[in-house]
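Just so you know, the protein sequences line up as chains X and R, in that order.
Numbers 1 to 285, taken from the working numbering, label the letters of the first sequence in order.
Numbers 286 to 456, taken from the working numbering, label the letters of the second sequence in order.
Ideal Cβ positions, reconstructed from N, Cα and C, are used throughout, including at glycine.
All of these numbers come straight from a predicted model, not from anything done at the bench.
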Amino acid sequence: MSTSRDDFGIVIRSALLQRGAKQKFSLFVLILLSLFIFILDNSNLKPIKILRSIINDGIYRISAVSSSPIKFSGASKDFFVKHIFTYEENERLRKELEDLKSKNFQSSFLEAQNNELQNVLDLEKNSPYSVVNAKVILDKNSPFLNSVIINKGSNAGIKLGMPVLNEGYLAGRIVEVNFVSSRILLLNDLNSRIPVVVSPSGTQAILSGVGKREPSLEYLPDNFMLGEKESIVFTSGKDGVLFPGIAIGKVVLNDNKKLVKLFADPDQISFVSVALDQQEDSGAR
Amino acid sequence: MALVLSNLRETLFKLGPLILLVFICISEFHTQFYYWGIFTFNFQFIIIYYWILRDPDILGYGFVFICGFINDVVLSLPLGTSALSYLFVSLVAAYVRTATVRNSLFTDWFTFVVAIIIGNFIYFFLLNKFANADIKYTTLFYNSLFTFILYPFFWGLFEIYKKITFSRRND
């Protein structure tokens with residue numbers, strides 16, 4: 001018994017301390033070094049944060065360059081797939097065009113009415129947010145993290161917690177800011193929790209990422225029922241960080257679970273707008 | 286000139302596993318697929334375990350440490366998390382290499398379970414205790430399971446690669 005314990009000790013010691021012909025460091029030294037770096041990184045010291053920021057910026061750039069073959073192959077595949085399905089798409093678009101033509105008359109009327117009402121309220125016709133546009137440079141998912149890196153950071157005025165929009169819809173929020181890059185936590189990430197309001201009922205809920213494409217609605221009242229009308233989810237702004245009224249997606253039922261089909265598809269995000277500020281009066285819109 | 290080219294080619298062949306490991310850590314290479322629902326595996330564990338076990342001269346511990354460091358930056362994990370996890374996988378591989386005389390696929394495969402358990406335990410313990418990250422244990426289980434199941438497939442590929450590299454060295 002003691003002999004086998006001795007053998008185990010000898011082999012472990014040998015594995016930890018031995019260096020091969022081309023090994024510069026022993027495992028023991030590297031494990032200690034990793035622990036030291038881990039403790040330093042968790043210490044939240046300002047110089048360490050600055051150093052980490054610089055390292056992040058450097059590695060993100062290298063990573064973006066090294067990912068270009070993967071991006072190119074993905075883009076080529078999309079290009080061929082699109083061409084193969086052009087005929088079907090053309091037919092579908094023709095039908096949609098007919099539908100839109102009929103709706104156009106209705107929307108012209110609504111637009112005129114809207115302009116009239118805005119004149120009454122004396123509101124400016126500008127975008128509700130002042131934004132910084134950015135490009136996604138790295139989109140690496142792990143089984144436990146859904147986030148993307150963008151090419152703008154604190155140099156463009158981006159701060160932690162700011163909402164990120166994709167084609168006007170909420171895509172996520174800023175969780176890490178470096179000098180020339182930032183990380184967006186997407187809405188479908190396990191760690192994402194956003195206070196929302198479900199329209200038209202006005203029900204409050206929390207939108208929680210579940211690691212899959214569609215996040216789920218949690219903390220809904222027991223008597224919540226989906227109406228005949230489409231239920232759209234907006235930010236409620238209750239956390240005091242995100243602006244209220246940003247459209248997120250529509251509620252869908254899946255195995256009795258209330259999921260949200262996001263308007264900004266987390267897998268298709270290439271360009272985003274980081275909302276820096278909400279214009280005055282936009283809350284009234 | 287021919288000798289220089291031949292040496293360069295041989296060096297590139299020998300660096301293959303290291304280049305692959307760095308590429309996986311730094312690029313957008315995905316090992317998670319939404320469409321397949323549960324399919325996710327840890328390719329880094331497979332590469333590290335195989336090469337540390339079978340030919341430690343090709344993949345040094347220092348490079349394993351650096352790859353872990355890069356992976357942490359790219360995935361925004363606390364620095365040192367992946368490095369520690371990878372180094373413990375290397376430790377199991379080094380232990381098996383020292384303790385056993387003759388390696389076969391089955392001994393490699395079944396000792397790999399220990400490496401996966403220890404590697405993932407360290408990874409998730411550090412993430413859970415220090416990064417306050419939510420962890421889905423079913424995903425963790427599927428990740429470990431598929432990493433284990435896929436090992437023989439990559440073992441076969443790496444064996445072929447090793448034979449090609451070895452025969453080139455003997456030419």
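Integer Cβ distance of residue i from residue j, believed to fall under 8 Å
{"i": "R:LEU372", "j": "R:TYR346", "result": "7 Å"}
{"i": "X:ALA15", "j": "R:LEU369", "result": "About 16 Å; that fails the 8 Å criterion."}
{"i": "X:VAL251", "j": "X:VAL241", "result": "Not confirmed; about 23 Å, so no contact."}
{"i": "X:GLY211", "j": "R:LYS421", "result": "6 Å"}
{"i": "X:ARG213", "j": "X:PRO266", "result": "7 Å"}
{"i": "R:LEU306", "j": "R:ILE343", "result": "So it is not a contact: roughly 10 Å between Cβ atoms."}
{"i": "X:THR203", "j": "X:PRO221", "result": "6 Å"}
{"i": "R:PHE415", "j": "X:ASN42", "result": "5 Å"}
{"i": "X:PHE263", "j": "X:GLY245", "result": "Going by Cβ atoms, the distance from X:PHE263 to X:GLY245 rounds to 14 Å, so no, they are not a contact pair."}
{"i": "R:VAL359", "j": "R:ILE311", "result": "6 Å"}
Proximity test, Cβ basis, 9 Å: residue i and chain R
{"i": "X:GLN18", "result": "yes"}
{"i": "X:PHE25", "result": "yes"}
{"i": "X:GLU176", "result": "yes"}
{"i": "X:ALA275", "result": "no"}
{"i": "X:LEU187", "result": "no"}
{"i": "X:ALA264", "result": "no"}
{"i": "X:PHE179", "result": "no"}
{"i": "X:GLY211", "result": "yes"}
{"i": "X:GLU15", "result": "Going by the sequence as given, residue 15 of chain X is Ala instead of Glu. By this cut-off, X:ALA15 is an interface position."}
{"i": "X:SER67", "result": "yes"}
{"i": "X:ILE150", "result": "no"}
{"i": "X:VAL60", "result": "In the sequence under discussion, the amino acid at residue 60 of chain X is Tyr, which differs from the Val named in the question. X:TYR60 counts as touching chain R."}
Cβ neighbours of residue i in the same chain (closer than 6 Å, five flanking residues each side left out)
{"i": "R:PHE443", "result": "TYR335"}
{"i": "X:GLU124", "result": "At X:GLU124, the pLDDT of 43 sits below 50, so the modelled position is not reliable; the number obtained from the coordinates is stated separately. Cβ within range, chain order: n/a, list empty."}
{"i": "X:SER154", "result": "VAL177, PHE179"}
{"i": "X:GLU230", "result": "LYS250"}
{"i": "X:ASP189", "result": "ASN146, GLY209"}
Close Cβ partners of residue i (< 8 Å) along its chain, the five nearest in sequence each way excluded
{"i": "R:PHE406", "result": "none"}
{"i": "R:PHE354", "result": "LEU364, GLY365, SER367, ALA368"}
Residue i: CB within 8 Å of a non-hydrogen atom of the ligand PLP
{"i": "R:GLY353", "result": "No copy of the ligand PLP occurs in the structure displayed, which carries no ligand at all."}
Residues of its chain near residue i, where Cβ-Cβ distance is below 7 Å and the 5 sequence neighbours each way are ignored
{"i": "X:LEU40", "result": "ILE48"}
{"i": "R:PRO437", "result": "LEU390, TRP394"}
{"i": "X:ILE232", "result": "SER199, ALA247, LYS250"}
{"i": "R:VAL381", "result": "LEU338, THR396"}
CB contact check: residue i to chain X, cutoff 9 Å
{"i": "R:PRO302", "result": "no"}
{"i": "R:ARG382", "result": "yes"}
{"i": "R:LEU338", "result": "no"}
{"i": "R:ALA287", "result": "no"}
{"i": "R:LEU297", "result": "no"}
{"i": "R:PHE328", "result": "no"}
{"i": "R:LYS447", "result": "no"}
{"i": "R:GLY347", "result": "yes"}
{"i": "R:PHE373", "result": "yes"}
{"i": "R:PRO363", "result": "yes"}
{"i": "R:PHE354", "result": "yes"}
Residue i versus the options, residue with shortest Cα-Cα distance
{"i": "R:THR396", "options": "R:VAL374, R:ASP357, R:ALA416", "result": "R:VAL374"}
{"i": "X:LEU17", "options": "X:GLU88, X:LEU35, X:SER26", "result": "X:SER26"}
{"i": "X:ASN133", "options": "X:GLY168, X:LEU110, X:LEU160", "result": "X:GLY168"}
{"i": "R:SER452", "options": "R:ALA287, R:LEU288, R:ILE304, R:GLU295", "result": "R:GLU295"}
{"i": "X:ILE149", "options": "X:MET162, X:LEU165, X:LEU185, X:SER208", "result": "X:LEU185"}
{"i": "X:TYR60", "options": "X:LYS140, X:ALA247, X:LYS46", "result": "X:LYS140"}
{"i": "X:GLY209", "options": "X:PRO195, X:ARG92, X:THR203", "result": "X:PRO195"}
{"i": "X:GLY9", "options": "R:ILE304, R:ALA384, R:ARG339", "result": "R:ALA384"}
{"i": "X:LEU276", "options": "X:LEU165, X:LEU145, X:ILE54, X:ASP78", "result": "X:LEU165"}
{"i": "R:VAL386", "options": "X:LEU207, X:ASN56, X:VAL11, X:ASP255", "result": "X:VAL11"}
{"i": "X:ILE158", "options": "X:SER147, X:SER182, X:ASN146", "result": "X:SER182"}
{"i": "R:VAL398", "options": "R:ILE337, R:GLY441, R:ALA378", "result": "R:ALA378"}
{"i": "R:ASN327", "options": "R:ASN417, R:LEU425, R:ILE449", "result": "R:LEU425"}
{"i": "R:TRP440", "options": "R:ARG382, R:TYR427, R:LEU338, R:PHE409", "result": "R:LEU338"}
{"i": "X:LEU217", "options": "X:ASN254, X:PHE243, X:GLY237", "result": "X:ASN254"}
{"i": "R:ILE449", "options": "R:LYS299, R:ASN413, R:ILE401", "result": "R:LYS299"}
{"i": "X:VAL65", "options": "R:PHE308, R:TYR427, R:LEU411", "result": "R:PHE308"}
{"i": "R:PHE431", "options": "R:VAL289, R:GLN329, R:ILE304, R:ALA287", "result": "R:GLN329"}
Every unbroken beta strand (DSSP E) inside the stretch 227-283 of chain X [3 residues or more]: Qualifying beta strand (DSSP E) stretches, in chain order: 232-235, 247-254, 257-262, 271-278.
Any chance you could list the alpha helix (DSSP H) runs of at least 4 consecutive residues sitting entirely within the stretch 59-119 of chain X, in chain order? Positions of the alpha helix (DSSP H) runs, each at least 4 residues long and wholly inside the stretch 59-119 of chain X, are given as 68-84 in order along the chain.
Of all the alpha helix (DSSP H) runs that stay within the bounds of the stretch 365-414 of chain R, which reach a length of 4 or more residues? The stretch 365-414 of chain R contains these whole alpha helix (DSSP H) runs: 366-384.
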